[in-house]
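Enquirer: The listed protein sequences correspond, in order, to chains A and B.
Just so we're aligned, residue 44 is where the first sequence starts under the working numbering, counting upward by one.
Just so we're aligned, residue 13 is where the second sequence starts under the working numbering, counting upward by one.
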Amino acid sequence: MEPTSFVVFLSSVLFVIGALGVLLRRNALMIFMSIELMLNAANLAFVAFAQRWAQLAGQVFVFFVMTVAAAEVAVGLALIVTIFRTKRSTSVDELAQLRG
Amino acid sequence: MTDWIVLGLLGVLSVASALGLLLSRNAIYAALFLVLNFVIGAVIYLVLNAPFLAVVQISVYAGAIMVLFIFVIMLLGAERLTPAENPPGLNYQRPLALILGVLALGLAAYVLLTRQASAAPVAQSVDASPTAVGLQLFRNYVFPFEVVALLLLAAMVGAVVLTRKTE
């Protein structure tokens, strides 16, 4: 097993933990943080492969993923704040109806 | 050999902090575990010859994004998480999620352990200084860069519009 395989395996472990967080937790904030963990795991795999093949393109792509994650967090947290104003809760189970 | 010790230690710490995020009952503690995970990720980037991304990881993820998270958690006063109970009719969901997660992990381990790494020789290490990354970014990826700038502007406008109090 070479270092690249180890890092890719680590990245898949982190991704699965993030996915479990999305599936098991009921709090919207926890779900968002788990999504960040999954994005980070994908970035880790990108950097590992960039190092393995000596290509900078992987690192540039990680840079783009980070900017998209920042945009996603800004909009997502704004949505959570708006939902909290009407529902007084951040649990996703409270959002099971279409009417406000 | 030292590389292996460092990588193994970082891997254990990384998985431990991720599990801390998954299991903690307090949203602030979970956010701090995530910060720890991001910092460890930055160190792994350093080991993997990506110093620019390591610094961006610290300043953007561990800095800006997590500050935003903790700010919102404290603003809403939502740090105490009620123990999750299953919504009616979804009792099978949590064990199923666990089983599927373990299955996905086992599949990844199987593929990585049984497939031989390709015989191609490991490429020479490339110059990954911020200068080189910047040149790559502005020579070959100018258009995606501009699109991302537009995306950030749209996200900013969206966040402002969404949180504005309607009269």
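Note that CB positions come from ideal geometry on N, CA and C, so glycine has one too.
Express the C-alpha separation of residue 38 of chain B and residue 134 of chain A in angstroms, rounding to a whole number.
Expert: Each residue's alpha carbon lies about 14 Å from the other.
Enquirer: Answer with buried or exposed for residue 68 of chain A, where buried requires no fewer than 16 other C-beta atoms within 10 angstroms of its C-beta.
Expert: The residue in question, residue 68 of chain A, is buried, as its Cβ has 16 or more Cβ neighbours within 10 Å.
Enquirer: Between the Cα of residue 107 of chain A and the Cα atoms of B:177, B:87, B:160, B:175, which residue gives the shortest distance?
Expert: Closest by alpha carbon: B:160.
Enquirer: Could you name the residues that DSSP lists as bridge partners for residue 92 of chain B?
Expert: DSSP lists B:38 as partners of residue 92 of chain B.
Enquirer: Taking only the alpha-carbon atoms, compute the straight-line gap between residue 85 of chain A and residue 68 of chain B and give it to the nearest angstrom.
Expert: Going by the C-alpha atoms only, they are around 16 Å apart.
Enquirer: For residue 106 of chain B, report the span of its alpha helix (DSSP H) as first-last.
Expert: Where residue 106 of chain B is concerned, the enclosing alpha helix (DSSP H) stretches over 105-126.
Enquirer: Mapping the DSSP letters down to three states, classify residue 70 of chain A as helix, strand or coil.
Expert: In this structure, residue 70 of chain A counts as strand in the three-state DSSP scheme.
Enquirer: Roughly how many angstroms separate the alpha carbons of residue 22 of chain B and residue 112 of chain A, rounded to a whole number?
Expert: Their backbone Cα atoms lie some 23 Å apart in a straight line.
Enquirer: Measure the Cβ-Cβ separation of residue 116 of chain A and residue 175 of chain B and say whether it is below 7 Å.
Expert: The answer is no: Cβ separation not under 7 Å.
Enquirer: Per DSSP, residue 134 of chain A is paired with what?
Expert: Beta-bridge pairing links residue 134 of chain A to A:70.
Enquirer: Taking Cβ to Cβ, would you say residue 66 of chain A is nearer than 7 Å to residue 116 of chain B?
Expert: Cβ distance not < 7 Å, so residue 66 of chain A and residue 116 of chain B don't count as in contact.
Enquirer: The stretch 60-81 of chain B: which residues have C-beta closer than 8 Å to a C-beta of chain A, in chain order?
Expert: Residues passing the 8 Å Cβ filter: 60, 61, 62, 64, 65, 68, 69, 72, 73, 76, 77, 80, 81.
Enquirer: Which residues in the same chain have their Cβ closer than 6 Å to the Cβ of residue 65 of chain B, if we skip the five residues on either side of it in sequence?
Expert: Only 57 meet the Cβ criterion.
Enquirer: By DSSP, does residue 15 of chain B sit in helix, in strand, or in coil?
Expert: Helix, per DSSP.
Enquirer: My output table needs one value for residue 57 of chain B: the three-state DSSP class, helix, strand or coil.
Expert: Helix at residue 57 of chain B.
Enquirer: For residue 170 of chain B and chain A, any beta-carbon pair shorter than 7 Å?
Expert: It does: the Cβ of residue 170 of chain B has a partner Cβ on chain A nearer than 7 Å.
Enquirer: So which residues on chain A does residue 53 of chain B lean against when the C-beta distance must stay under 8 Å?
Expert: 83, 86, 87, listed in chain order.
Enquirer: Counting only beta-carbon atoms, is residue 23 of chain B nearer than 7 Å to chain A?
Expert: By this cut-off, residue 23 of chain B is an interface position.
Enquirer: If we count Cβ pairs, one from each stretch, closer than 8 Å, do we get three or more for the stretch 17-37 of chain B versus the stretch 56-65 of chain A?
Expert: With the cut-off at 8 Å, the stretch 17-37 of chain B and the stretch 56-65 of chain A touch.
Enquirer: Under a three-way DSSP split, which group does residue 153 of chain B fall into?
Expert: Coil.
Enquirer: Please compile the residues from chain A whose C-beta is within a distance smaller than 7 Å of the C-beta of residue 57 of chain B.
Expert: Per Cβ cutoff of 7 Å: 90.
Enquirer: Please identify the residue among A:114, A:118, A:128 whose C-alpha is closest to the C-alpha of residue 89 of chain B.
Expert: With distances taken between Cα atoms, residue 89 of chain B lies closest to A:128.
Enquirer: Let's test the definition: count the other Cβ atoms within 10 Å of the Cβ of residue 103 of chain B and tell me whether it reaches 16, buried, or not, exposed.
Expert: Exposed.
Enquirer: How far does the alpha helix (DSSP H) with residue 66 of chain B in it extend, from its first residue to its last?
Expert: Segment 63-68, the alpha helix (DSSP H) holding residue 66 of chain B.
Enquirer: Relative to the C-alpha of residue 171 of chain B, which residue among A:132, A:87, A:118, A:80 is closest?
Expert: Residue 171 of chain B has its Cα closest to that of A:118, out of A:132, A:87, A:118, A:80.
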